[in-house]
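A short worksheet on the structure shown next.
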Amino acid sequence: MSLMFIDGMADKDMIQNDILKSLMLFTRQFPLEYSVGEKFFNMVKEGLLTVGEMKESDNFGEVILGILSGDTVLFLDKVEKALVISTRGWEKRGVQEPSTEAVIRGPRDGFTETYRTNVALVRRRIKDPNLKVKTIKLGRHTRTDVGVMFIQGVAKPSIVDEVLKRLNTVDTSSVLESGYIEQMIEGDWLSPFPQLRRTERPDVVAASLVEGNVAIICDNTPFALLAPATLLSLFQSPEDYYERWYIVSMVRILRFTAAFFAFTFPALYIAMTTFHPGMLPTDLSLSIAAAREGVPFSAVLEALFMVFALEILREAGVRLPGPIGQTIGIVGGLVVGEAAVRAGIVSPIMVIVVAVNAISSFAIPNYSVAISFRLLTLILVALASIAGLYGIMLGLLGLTIHLVTLKSFGAHYLSPFVSFRWSESKDIIIRGPIPSMEIRPGYTRPEDLDRINDRRHDTIDKAGDENADK
Numbered sequence: 043m044s045l046m047f048i049d050g051m052a053d054k055d056m057i058q059n060d061i062l063k064s065l066m067l068f069t070r071q072f073p074l075e076y077s078v079g080e081k082f083f084n085m086v087k088e089g090l091l092t093v094g095e096m097k098e099s100d101n102f103g104e105v106i107l108g109i110l111s112g113d114t115v116l117f118l119d120k121v122e123k124a125l126v127i128s129t130r131g132w133e134k135r136g137v138q139e140p141s142t143e144a145v146i147r148g149p150r151d152g153f154t155e156t157y158r159t160n161v162a163l164v165r166r167r168i169k170d171p172n173l174k175v176k177t178i179k180l181g182r183h184t185r186t187d188v189g190v191m192f193i194q195g196v197a198k199p200s201i202v203d204e205v206l207k208r209l210n211t212v213d214t215s216s217v218l219e220s221g222y223i224e225q226m227i228e229g230d231w232l233s234p235f236p237q238l239r240r241t242e243r244p245d246v247v248a249a250s251l252v253e254g255n256v257a258i259i260c261d262n263t264p265f266a267l268l269a270p271a272t273l274l275s276l277f278q279s280p281e282d283y284y285e286r287w288y289i290v291s292m293v294r295i296l297r298f299t300a301a302f303f304a305f306t307f308p309a310l311y312i313a314m315t316t317f318h319p320g321m322l323p324t325d326l327s328l329s330i331a332a333a334r335e336g337v338p339f340s341a342v343l344e345a346l347f348m349v350f351a352l353e354i355l356r357e358a359g360v361r362l363p364g365p366i367g368q369t370i371g372i373v374g375g376l377v378v379g380e381a382a383v384r385a386g387i388v389s390p391i392m393v394i395v396v397a398v399n400a401i402s403s404f405a406i407p408n409y410s411v412a413i414s415f416r417l418l419t420l421i422l423v424a425l426a427s428i429a430g431l432y433g434i435m436l437g438l439l440g441l442t443i444h445l446v447t448l449k450s451f452g453a454h455y456l457s458p459f460v461s462f463r464w465s466e467s468k469d470i471i472i473r474g475p476i477p478s479m480e481i482r483p484g485y486t487r488p489e490d491l492d493r494i495n496d497r498r499h500d501t502i503d504k505a506g507d508e509n510a511d512k
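For the sequence shown, this note's numbering assigns the number 43 to the initial residue and increments by one for each residue that follows.
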C-alpha cells in the first residue's frame, strides 16, 4: 500500500491516528486470502478506516485533484482504483470580527478564507433542511471551490438557474478571489455600479437568503456575493434591523442625504459661483467672492485640484499600515488644505466644500458604491463647468436613465421604485416596525412572499414539536 499527500495541506494527526494506525495494526489480523486484491480493498473501505469522509476513484485526474486539495490518497497493489480520504487540515485564520463592515450592534463573527468554515457559519444561523448548497470548481489552474447557497421554496428557481448558468460559463485560468467571479457574471460590465452585493458578515448572508437572495461563497476569500442586488440594498447596513425603527429611519435619511452631497456638492458650488451667482443670497455671494480674492485659478481648476489631492491622500492612507494610514489621511488633509489656503492657491470655502464631499462619501455603507459616487463627482464637475445647473441636471438625467435600465439577474436596479408596491414601502427610506414588515422584498421574486406567517415553516416546526413530545 502507498499513501500520498502534500505536507502542510493535510492533517498529519488524522493521517497517523485514523489511517496509518488502522492499516499497520489491524490488517495483520486478516486471513491471508483477504490480504490482497479487491477483497482487501473492500475490507479497508467498508470497515477499517475510522474517517468521516472518503470515496473511491478510478480517475487519475480526480485523484491528483484530491491530493492537491489536501486529501490523502491510498493506493493498493493489484487494485485499479484508489481511496480518496478527506484529511484537509492546512493552517487557516480563525473567525474574527469583520474589518470592513463594523457595526455597533450585531454579531462579531465574520467569514474567513476557508470555504467549509464559511458555509458552516451560515448554516449555524439557518437551521432549515431546505437550505441548499451546490458546489462547483472554477479556474483551470486553481480549481477553486465555489458554492451557491439558497433556500429551496423561497428563492426563485429562475434566479438560481441564472446564477448557476453564468458561473458555468466562466472559463478562466484562475479564480483567486470573489472579485474575479463578480466581474465575470455581472450583466453590464460598463456600469460603474456593482450588480452584486458583497459582504463578509454571515448574518447579512443569512438575512438575504431568508429574503430570497442567492449567495455565492468562494474559497480563499472572506467576501461572499449576494444576487440579485439593488441600489437600495447596497445602502442598507446590518444594524438597520437590529435597532428600533424610528432610529433606523432617521439614520437612513441622513445616509441618503449624505450620498446626494457625496457626488453633487463640488459641482453645485461650481455652478452657483460661476454661472448662477444671482441665485445665492447677497451676503453669501459677497462672502464667497471675498474668500476667492487673490486665488489665481478658476473655481473648476480649484475644485479639481482639491478633489485629486484628497483622492491621493485617501489612496495613500489605505495602502499604508493602519495607524500610519489614519494619521496620513487626517493630518495630511489638514496640512495640505491649510498650506494651500495660506499660499493662496485655493479658497477656504473650497476646502470646506471638498471636506463635506469626502465626509459624506464615508457615510455610504458599501465601498463599491462609494467609489462609483467619487467617479460621478468628476463627471458632474465637468458638466457643471460647461453648462452650470443645466449640465448637472443633464448628468442626473443620464444617471437616472442608466439606473432605470440597469438590471441585476433580472431584478430592476431601482426596485422597488420601478415596480412600486405599497406593501414594500415599509422598508425603503423609512423602515417600518418589524411586525409590520409582513412580506419579503419583491425584487427577489420569492416563491413565498409571506415573511411572518410562513406556513411551510409552521408545518416543519409543528412536526418537530410532535417528535420532541414523542
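Glycine included, C-beta positions come from ideal geometry on N, C-alpha and C.
Notebook entry, point to check: Could one say the Cβ of ALA304 lies closer than 8 angstroms to chain C's Cβ atoms, at least one of them?
Noted result: As a matter of chain content, chain C is missing from the structure shown, which is built from one protein chain.
Notebook entry, point to check: Quick one: Cα of LEU425 to Cα of VAL388, how far?
Noted result: 21 angstroms
Next item on the list: Check whether the Cβ atoms of LEU173 and ILE470 sit closer than 8 angstroms, and answer yes or no.
Entry: no
Margin query: Rounded to the nearest angstrom, what separates TYR311 and ARG356 at their Cα positions?
Written below: 22 angstroms
Next item on the list: Count the other CB atoms, across all protein chains shown, that sit within 10 Å of the CB of LEU110; report buried if there are 16 or more and exposed otherwise.
Entry: exposed
Check: In whole angstroms, what is the alpha-carbon distance linking ILE481 and PHE459?
Finding: 16 angstroms
Next item on the list: Below 8 angstroms CB to CB, which residues in the same chain sit around LEU251 once its five sequence neighbours on both sides are set aside?
Entry: VAL164, ILE168, LEU173, MET191, PHE192, ILE193, VAL196, ALA197 and ALA257
Next item on the list: Return the chain-ordered list of same chain residues with a C-beta closer than 7 angstroms to the C-beta of PHE303, the five sequence neighbours on each side being excluded.
Entry: VAL398, ASN399 and SER402
Note to self: What would DSSP say about ALA351, mapped onto helix, strand or coil?
What the structure shows: helix
Notebook entry, point to check: Exposed or buried, which one is ALA525 when buried takes at least 16 other CB atoms within 10 Å?
Noted result: The chain is shown from 43 up to 512; residue 525 falls before or after that span and cannot be answered.
Next item on the list: Please work out which residues of its chain come closer than 8 angstroms, Cβ to Cβ, to VAL423, disregarding the five sequence neighbours upstream and downstream, and give them in chain order.
Entry: PRO308, ALA309, ILE312, VAL342, ALA345, LEU346 and VAL349
Check: Using the C-alpha atoms, what's the distance from GLU242 back to PRO280?
Finding: 11 angstroms
Note to self: Between the alpha carbons of GLY131 and PRO199, how many angstroms are there, rounded?
What the structure shows: 35 angstroms
Note to self: Please identify the residue among ILE227, PRO140 and PHE305 whose C-alpha is closest to the C-alpha of ALA412.
What the structure shows: When only C-alpha atoms are compared, the closest one is PHE305.
Next item on the list: Kindly list the residues whose CB is nearer than 7 angstroms to the CB of ALA271, restricted to its own chain and excluding five residues on each side of it in sequence; keep chain order.
Entry: Within the same chain, ALA271 has close Cβ partners PRO236, GLN237, LEU238, ARG239 and SER450.
Check: Between SER99 and the rest of its own chain, which residues show a CB-CB distance below 7 angstroms, the 5 nearest in sequence each way excluded?
Finding: VAL105, LYS123, ALA124 and VAL126
Next item on the list: Could you check how far apart the C-beta atoms of LEU431 and PHE317 are, in whole angstroms? I think they sit under 8 angstroms.
Entry: 7 angstroms
Check: Thinking C-alpha only, which one of LEU116, GLU133 and PHE102 is nearest LEU90?
Finding: LEU116
Check: At which residues does the alpha helix (DSSP H) containing ARG294 begin and terminate?
Finding: 287-316 is the extent of the alpha helix (DSSP H) around ARG294.
Check: For PRO264 versus GLU155, is the C-beta spacing smaller than 8 angstroms?
Finding: yes
Notebook entry, point to check: How would you write the range of the beta strand (DSSP E) that THR92 sits in, first residue to last?
Noted result: Per DSSP, THR92 belongs to no beta strand (DSSP E) and is neither H nor E.
Next item on the list: Starting from GLY437, trace the beta strand (DSSP E) both ways and give me its first and last residue.
Entry: Boundaries for GLY437: no beta strand (DSSP E) harbours it, while the alpha helix (DSSP H) harbouring it runs 431-447, taken from the DSSP string.
Notebook entry, point to check: Would ASN408 be called buried (16 or more neighbouring beta carbons within 10 Å of its own) or exposed?
Noted result: buried
Item checked: Sequence-distant residues of its chain with Cβ nearer than 8 angstroms to ILE61 (five each side left out) -> LEU45, LEU91, VAL93, THR114, LEU116, ILE127 and THR129
Item checked: Extent of the continuous beta strand (DSSP E) to which VAL398 belongs -> Premise fails: VAL398 lies in the alpha helix (DSSP H), 390-404, not in any beta strand (DSSP E).
Note to self: Using a 10 Å radius around the Cβ and a threshold of 16 neighbouring Cβ atoms, would you call TYR288 buried or exposed?
What the structure shows: TYR288 should be labelled exposed.
Next item on the list: List the endpoints of the continuous alpha helix (DSSP H) containing LYS81.
Entry: 79-85
Item checked: Beta-carbon proximity of GLY152 to VAL137, cut-off 8 angstroms -> The Cβ atoms of GLY152 and VAL137 lie closer than 8 angstroms to each other.
Notebook entry, point to check: Rounded to whole angstroms, how far is the Cβ of LEU18 from the Cβ of LEU456, which I believe are closer than 8 angstroms?
Noted result: In this structure the chain extends from 43 to 512, so residue 18 is not present and cannot be described.
Item checked: Spatial distance of GLY147 from ASP325 (CA atoms) -> For the record, residue 147 in the displayed sequence is Arg; it is not Gly. Straight-line Cα distance between these residues: approximately 45 angstroms.
Note to self: At 3 residues or longer, what runs of the beta strand (DSSP E) sit wholly inside the region 186-221?
What the structure shows: 186-193
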